[in-house]
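The working numbering runs 232 ahead of the 1-based position in the sequence shown.
C-beta: ideal position from N, C-alpha, C; glycine also.
All values reported here derive from a predicted model rather than from experimental measurement.
In what follows, a single structure is set out as structure tokens and then discussed.
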Amino acid sequence: MTATDTYLLLRAFCDELARSGTEHACTSPGSRCTPIVLSLVREERIRCWSHIDERCAGFFALGAAKRSGRPVAVTCTSGTAAANLAPAVIEARHARVPLIVLTADRPPELRDVGAGQTVDQLKLYGDAVKWFFEVGVDEATPAALRFIRTLACRAYSIAAAGPPGPVHLNFPLREPLVLDRPLPLPGDAIGRDGERPYAVVDTPPAIAATGGSPPFGRIVIVAGQDRDREAARELAGFAERMGIPLLADPMSGARTGRAAIAHYDLLLRDPRFAAAHQPQFVIRVGDLPTSKPLRAWLAGLHTAQIAFDPDGIWHDPDAVVGMRIAAPYRSLLERFTDERALVTDREWYASWRAADDAVAGAIDRTLGDELSEPLVARSLGEWLAPEATLFVASSMPVRDVEEFGAARDRGPLVLSNRGANGIDGTVSSAFGTAAAGEDPVVLLVGDVALAHDIGGLLAASRLGLALTIVLLNNDGGGIFHFLPVAGETDAFEQHVATPHGLDFSRAAALYGCEFVRAETLDALRSTVEASIAGDATTIIEVRTDREQNLALHRRVADAALAALPPA
Ligand SMILES: Cc1ncc(C[n+]2csc(CCOP(=O)(O)OP(=O)(O)O)c2C)c(N)n1
Ligand SMILES: [Mg+2]
């Protein structure tokens, strides 16, 4: 076996990744991974994005896969490098994002004998990956080339479908790791004619939702994060035609139209409202939204709950769903094409609509135009064009966008790493999202999350990518003020809120980004717009205070309850 064998096999492997549909790959430097990195870089149909930190590479790949809807490959060298991909792999598994992880490893004879940078990489990510495969080293015989081509197609299809997620291929690689002469051209004759992949997996048509009596009367639809934006718009149209309140998380893409109930989080905090609005049927689509009041309300209902999920995923922490339909919810829309097929309660619908409008008014009045965390979340959703992506960090940003974001005719695509709710890798994921599309990406992030992935900023200058980063800097984790731990005053500030006093303008200078501090809503809007129009990565800092933020959230909640029409 020679370096030529290794490279012939890897060239065929990358050829099949490209034929299957891979458009992006992330690399990070090392010695052992040289053959994989070079083979990916030399495959012209795959765009390679280089990272120095594997944790960033993994999250960048995640963002690119989210945006493009296709598997993204990510490779790294052996040892702890591979372990640094674990957070992104875990997030990808929970958020159903397709990743193809290609780790380089020592060949068997160098394992467990004290060779440098060698750790046990077999099943390194445990059950977080959908599939693990140890790719044997071999001579590039026709049989081995058929095998490696099939392997690439298989990895791609497992990552891409049913449900999408990460796969891990571990490549033991023997020295020499570089070629001593160029590979023969053209490539091997094993590949299929034209651009066809060597092997494909056909998915059966979705099973239509059949059986059971149709829902009627007081129906509510709860829509969480979902991949199919077009279907989400159809769902909003369907809810409006049928007169069904649509409790839509912004990440569902369905917070649009007259049926969208944007402020369910505030509405359902009112026990009176929650009790007076018990539905007869709940239809759930997409992931379960973050909102605690919504989750608690759903958990306490004694009514039929139906959940649609194309992958048959079990999102039901309170064990209340009575029927799961392992199909896209489009099958529901197709079944009930006109109002006669579904008898809904119009008074019920009107009551939700009126309550939501009243709460929207209360939010606007209470927030006014003074810059605050909720107002930034609400405003970004309003300002951004439909082509733009709003990437929202975990912690308060994702909650504020859910709680305060208004329904819009055509809003931006809203994305977030909510599979495992980590605050890690946020900047890298947002850059990956920007890499996979032409349109602007705005990241709404807290200071701790930004500090956690500060190295992700390197993508701006090294990869020539532009991001608009709106930083809500309250010098610590503002979210913890909402939790009982805030009362544990001996340790709260230092060990839970973790103020850091970082001056992010210096980070911007280090990483070659622009930095602006916005003091007013108008200034924020104009800097966001200028950043989107420009081609530099800009950090726009909004300074807030954690205590005042807590008090403001309470004032809005009080005002919302006071504004509700009598039950
Ligand atoms: C990787 C990881 N570590 C820790 C946590 C726990 N955590 C949740 S929110 C948070 C604080 C985030 O602070 P910041 O980004 O400033 O947002 P804020 O709460 O101020 O809105 C932490 C540490 C987490 N979710 N993920
Ligand atoms: Mg913070």
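With respect to the C-alpha of L405, the residue from R487, V452, P340, E614 having the closest C-alpha is P340.
Spanning the alpha carbons of K524 and L647 requires a straight line of approximately 19 Å. G678 is bridged by DSSP to L704. Counting only runs of 3+ residues, the beta strand (DSSP E) found wholly inside the region 611-662 occupies 621-624, 645-648, in chain order. Inter-residue distance for G688 and G449 is about 50 Å (C-alpha atoms, whole angstroms). A direct Cα-to-Cα measurement between T721 and L599 gives close to 29 Å. Apart from sequence neighbours up to five positions away, the residues of its chain that approach D577 with a beta-carbon distance below 6 Å are G449, R450, ordered along the chain. For H283 and P261, the gap between their C-alpha atoms comes out near 8 Å.
DSSP places F747 in the uninterrupted beta strand (DSSP E) bounded by 746-749.
Beta-bridge analysis with DSSP links A507 to no other residue. The Cβ atoms of A293 and C258 lie closer than 7 Å to each other.
G449 sits in a strand when the DSSP states are folded into three classes. For C745 against I772, the beta-carbon gap comes to about 10 Å, at or over 8 Å, which does not count as contact. Residue burial is scored here from C-beta neighbours: P672 has at least 16 other C-beta atoms within 10 angstroms and is therefore classed as buried.
Between E634 and T522, the CB-CB gap stays under 7 Å. DSSP lists V702, V748 as the bridge partner or partners of I772. DSSP places L478 inside the beta strand (DSSP E), whose first and last residues are 478-480. Near ligand 2, meaning a beta-carbon closer than 6 Å to one of its heavy atoms, we find G678, D679, V680, N706, G708, G709, G710. Distance check between P408 and each of R610, P267, S758 places P267 closest, using alpha-carbon atoms only. Here DSSP, grouped into helix, strand and coil, assigns I493 to strand. Counting of Cβ neighbours within 10 angstroms places V591 among the buried residues, the total reaching 16 or more.
For Q780, there is no enclosing beta strand (DSSP E); the enclosing alpha helix (DSSP H) has its first and last residue at 778-795. Contact between the region 619-628 and the region 471-479 is absent: fewer than three C-beta pairs spanning the two stretches fall below 8 Å.
No heavy atom of ligand 1 is found nearer than 6 Å to the CB of S611.
7 Å or more divides the Cβ of A491 from the Cβ of A455. In the assembly as shown, S389 is a buried residue. Its beta-carbon has 16 or more other beta-carbons within 10 Å. D541 and E670 have their C-alpha atoms some 30 Å from each other.
For W529, the enclosing alpha helix (DSSP H) stretches over residues 524-532. Look at I701: its beta carbon is at least 6 Å from all of the heavy atoms in ligand 1. C265 is a Cβ neighbour of T307, given a cutoff of 7 Å. Going by C-alpha positions, V552 is about 7 Å away from Q537. Taken from the Cβ of S627, at least one heavy atom of ligand 1 lies inside 6 Å. Using a Cβ distance threshold of 7 Å, I278 and T254 count as a contacting pair. Around the Cβ of L742, a 10 Å sphere holds fewer than 16 other Cβ atoms; the residue is exposed. In this structure, the CA atom of P644 is about 40 Å from the CA atom of Q353. For C280, the enclosing beta strand (DSSP E) covers residues 279-282.
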